[in-house]
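Structure first, commentary second.
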Amino acid sequence: MSIASAALAISLFFATQTFGAQYRFSASSRHIWNGDLSTWGARRRLEAVRHGISDPLPGTNSSCPQGCSEHGVCNEELGRCDCPRHYTGPDCRTVNPDLEEVCEEYGFSLRTCRETSPCFNSCNNRGKCVSGFCHCHPGFWGMDCSLSRGPDGGVELLAGQGYVPRREGPKIYVYELPPNCTSWFNIKRLDRPLHLLFWQRLMSAGLRTTRGEEADFFFIPINTRALNAASITEWVLPYIRRTWPWWSGDGGHRHLIIHTGDLGVQEYPLTMRRQLNDTFSNLTWLTHWGLHTYHPGPKWHPAHRPGKDIVIPVMITTAGFHLSPLNPSIEQKARKKGADLSRNGTFFFAGRICGDRKPPNPETGECSPRRLDYSAGVRQRVYYHHYNRTGFKVVPGTRTYLEDISSHKFCLAPTGGGHGKRQVLVSLMGCIPVTLTDGVHQPFEPELRWADFSVPVPERDIARLHEVLGAVTEEQVATMQSRLRCAAQHMFYSSSLGAIIGEDGRYDAFETIIEILRMRKQYPDLPPEQYMDVDERFRKFTNCELGGPEPDVLCAQGTERQHPDMPTCTECHRHVSQSRTGSSFFSWAGGMVCCSELEMARCSRVWQ
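What follows is the structure in structure tokens.
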């Protein structure tokens, strides 16, 4: 991708506020927002018999029904025969009579449902990829065929690859759920599929364990950004409790679910949340939505519990962020050309402002009275008070986004219809985030001290925002910009997506989640805002002081190397493309940190 085309991609991304979403909540599915479960549950409830899911047979070494492996996969641990979309029954030998309906439910047309589709981790070369379903060789099972029986009769992970568990860090058990909860989805159309990315990295980072009795945490890998998310969750939680013994050990308090919806767990129907209140309350939710206090404007109810849940960054997959001024190679090229790298502008925002998606009145700066609840009114008020102010550029859209975001000191990082993403995006581009919307924690807050590299502004001060920013000294600006180079690494999943600022992934968003979980394990009663004060390793980690970067660990986004010893991810892809099951990066076993390595157990590990 050329610099011009990459810059255009970023400009269009910010200005139009799209996220590549393929699953959008349609009018017919909006009862997921208002709590009406009656029609939703009846229409989308998972049915074990219809979808070919049988309860596990007694014992941990029971066999599956005869003939299971012809079309299905035998989970040897549970005696459960897992079927692809187009077969059903206890032995997966009956053609699914409801295939068209099932395909539609999981993001396919009937035609594309039968076509080639990428498989998770390319089945680890232990099975055949059949329309997104790993038809594992007999003796292997799991969504990616990573599991098998070990010499001691227990479950072994990546047998024959020399899988080495991480010496330090939490051990995490992953529930291998039936395929209609995991692999039946159209992997090419998943919106915000962070649960798969996290699952991949648990293995390539040496953190996954197959022994529940030694696990510190338990991960439930469900897709929460789909039309059938509520019914899947409603079915899965009781299924886990009756199938595995691990929930009863602590009532589910160490169980993790990633929810990527705009409003987090508040998107589940109210009736369902009430019915499963005890279960939901015990779970630890990893979400993008950090609202911890009721907000009266849009009538948002809290969806985050500091110290229990974790606010995680949005996964950014848009190309072009390797052009960030934080990228040392970009900075070096600019200096060679004599380019001006100073940020002379004060404040910048471009994107949706009004709730009805129409531009504000050019004369008054006001939005129409429709959807005034959008962004809790923050975007509208910022525009109204500052759209015509010298040094401020607040616009609905711009074709010079890369130039604008690189030439202003401060950038607005507001909420939208729920969680925002600009706090991540502007950080990656080296612009100091100005966070607004009362009662909302930012990614990894309060574990990270956002005030060290951003300017939090209460809503009551929107009208005098220019005074607030004017009071920040040049020395403070320089300090925050320096800290952004580290903070940006915590906001990006580089070990899965590739480097953008010359980093090696050791401080990326995935590793930050793991470091917070380590603290939860080691200091279960410690308030998260005290982590940096109590634990020296955590303090050094958050400040990126534990070494690195090593240039030969992670591949780089873009067409040019960010370092002579750092290959581009395109180079890595050329070496292994014939051995992968599609272009989706989820078929890339272990994430981009694995580069050209086809076996996850041999991926680069900066933590060793």
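The sequence shown maps to residues -20 to -1, 1 to 588 in mature numbering (1 follows the signal peptide of the UniProt record, and there is no 0).
In this text, a Cβ means the ideal position worked out from N, Cα and C, and glycines have one as well.
A quick note: this is a predicted structure, and the numbers were derived from the prediction, not measured.
CA nearest to the CA of residue i, picked from the options
| i | options | result |
| --- | --- | --- |
| residue 90 | 109, 166 and 192 | 166 |
| residue 205 | 157, 316 and 294 | 294 |
| residue 507 | 578, 425 and 551 | 425 |
| residue 500 | 488, 487, 486 and 515 | 515 |
| residue 369 | 269, 345 and 420 | 345 |
| residue 523 | 571, 429, 323 and 493 | 429 |
| residue 493 | 427, 111, 161 and 398 | 427 |
| residue 325 | 385, 300, 301 and 277 | 385 |
| residue 282 | 195, 398 and 224 | 398 |
| residue 208 | 134, 303 and 161 | 161 |
| residue 147 | 186, 132 and 170 | 186 |
| residue 420 | 358, 232 and 446 | 358 |
| residue 390 | 411, 504 and 341 | 411 |
| residue 473 | 491, 110 and 46 | 491 |
| residue 193 | 181, 464, 170 and 153 | 153 |
| residue 233 | 289, 279, 396 and 215 | 289 |
C-alpha distance - residue i paired with residue j, whole-angstrom precision
| i | j | result |
| --- | --- | --- |
| residue 285 | residue 314 | 44 Å |
| residue 227 | residue 220 | 8 Å |
| residue 129 | residue 459 | 54 Å |
| residue 188 | residue 150 | 9 Å |
| residue 126 | residue 60 | 16 Å |
| residue 312 | residue 540 | 13 Å |
| residue 585 | residue 484 | 10 Å |
| residue 413 | residue 330 | 14 Å |
| residue 535 | residue 246 | 37 Å |
| residue 138 | residue 470 | 29 Å |
| residue 296 | residue 407 | 12 Å |
| residue 4 | residue 248 | Residue confidence for residue 4 is low, a pLDDT of 24 falling below 50, so the modelled location carries little weight and cannot support an answer. |
| residue 553 | residue 174 | 21 Å |
| residue 574 | residue 477 | 11 Å |
| residue 328 | residue 383 | 11 Å |
| residue 69 | residue 104 | 26 Å |
| residue 22 | residue 254 | Legend: pLDDT at residue 22 = 28, less than 50; position of this residue unreliable, value from coordinates given subsequently. If you take the alpha carbons of residue 22 and residue 254, they lie about 18 Å apart. |
| residue 467 | residue 432 | 9 Å |
| residue 509 | residue 556 | 43 Å |
| residue 379 | residue 299 | 16 Å |
| residue 455 | residue 392 | 20 Å |
| residue 572 | residue 400 | 26 Å |
| residue 87 | residue 498 | 36 Å |
| residue 31 | residue 132 | The predicted model places residue 31 with a pLDDT of 38, which falls under 50 and marks its position as unreliable; any figure quoted below should be read in that light. Approximately 33 Å, taken between the alpha carbons. |
| residue 170 | residue 177 | 12 Å |
| residue 270 | residue 418 | 11 Å |
| residue 181 | residue 65 | 26 Å |
| residue 518 | residue 349 | 47 Å |
| residue 113 | residue 502 | 38 Å |
| residue 214 | residue 530 | 44 Å |
| residue 450 | residue 323 | 14 Å |
| residue 198 | residue 582 | 24 Å |
| residue 347 | residue 337 | 9 Å |
| residue 52 | residue 486 | 38 Å |
| residue 402 | residue 195 | 35 Å |
Cβ pair residue i, residue j closer than 7 Å
| i | j | result |
| --- | --- | --- |
| residue 200 | residue 212 | no |
| residue 365 | residue 374 | no |
| residue 235 | residue 263 | yes |
| residue 72 | residue 63 | yes |
| residue 361 | residue 442 | yes |
| residue 416 | residue 437 | yes |
| residue 377 | residue 354 | no |
| residue 107 | residue 115 | yes |
| residue 481 | residue 306 | yes |
| residue 237 | residue 265 | yes |
| residue 570 | residue 49 | no |
| residue 590 | residue 259 | The chain is shown only over -20 to 588; residue 590 falls outside these bounds and no answer can be derived. |
| residue 231 | residue 356 | no |
| residue 267 | residue 244 | yes |
| residue 388 | residue 538 | no |
| residue 190 | residue 135 | yes |
| residue 141 | residue 579 | yes |
| residue 363 | residue 394 | no |
| residue 93 | residue 561 | no |
| residue 589 | residue 542 | Here the chain covers residues -20 to 588 and nothing more, so residue 589 does not appear. |
Counterpart residues of residue i in DSSP-defined beta bridges
| i | result |
| --- | --- |
| residue 325 | 388 |
| residue 128 | 120 and 136 |
Report yes or no: do the segment 97 to 110 and the segment 539 to 548 share at least 3 C-beta pairs separated by less than 8 Å?
-> no
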